[in-house]
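S.K.: The structure follows.
Numbering (the numbering used here), first residue to last: 38 to 108.
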């Protein structure tokens with residue numbers, strides 16, 4: 038899976054809306070959807086890390102480098 042797909046899957050797995058994720062990282066819902074749909078592919082670490090923290094996982098999981106998202 039690509040990073041955007043992993044972000045979306047994790048967000049849905051924990052029952053978080055795109056609005057809530059956006060609020061937690063200081064972005065709007067449209068930007069979250071752009072990340073998830075792959076319109077913005079290369080996420081810098083200063084964006085990826087807050088997303089991972091908000092989703093209670095690791096940047097490595099969202100990059101597809103780890104199988105488990107449990108912390």
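Just so it is clear, CB atoms sit at the ideal spot from N, CA and C, and this is done for glycine as well.
The structure presented is a predicted model; accordingly, all values stated were derived computationally and were not measured.
Alpha carbon to alpha carbon, how far is residue 82 from residue 90?
M.R.: 12 Å
S.K.: Rounded to whole angstroms, what's the CA-CA distance from residue 45 to residue 103? Just pull it up for me.
M.R.: 16 Å
S.K.: Which value, in whole angstroms, describes the spacing of the CA atoms of residue 69 and residue 42?
M.R.: The straight-line gap separating the alpha-carbon atoms of residue 69 and residue 42 is approximately 11 Å.
S.K.: So what's residue 81 in DSSP terms, helix, strand or just coil?
M.R.: Residue 81 falls in the coil class under three-state DSSP.
S.K.: Taking buried to mean at least 16 other C-beta atoms within 10 Å of its own C-beta, is residue 97 buried or exposed?
M.R.: exposed
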